[in-house]
Amino acid sequence: MSTFNVDQDRIVLTGQSMGGTGTTYLCCRYPDLFAAGIPLASTYGHLTLLENLRHVPMFYVQGADDWPIYAQDGPIRIVRRL
């Protein structure tokens, strides 16, 4: 990362749909690597790892026209679990 002069304290991960699910997973799996995550229209099923998100700022984006599965298995369930 030093080749590109990246500030390692400001790495933010984002993705949409499956990429958003990956964003949440990677922020849970490697909470010390990412400063924040921005999942868009995504679900997440690895609830055992959610505790790792307590200190990782997350900005979840869900639209009114997104598939209902996103609302059921997405940010609302994650926030309630934390």
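If you want this note's numbering, it's the 1-based position in the sequence shown plus 84.
Don't be surprised by glycine CBs; every beta carbon is placed ideally from N, CA and C.
Treat the numbers as computed from the prediction; the structure is a model and nothing was measured.
query	result
Arg113 to Thr87 span [Cα, whole Å]	25 Å
Segment limits, beta strand (DSSP E) that includes Gly99	96-100
From Leu131, Leu134, Leu133, Tyr144, residue whose alpha carbon lies closest to that of Val96	Tyr144
Buried versus exposed call for Pro141 [16 or more other C-beta atoms within 10 Å across all chains shown]	exposed
Pairwise C-alpha distance: Asn89 and Asp116	19 Å
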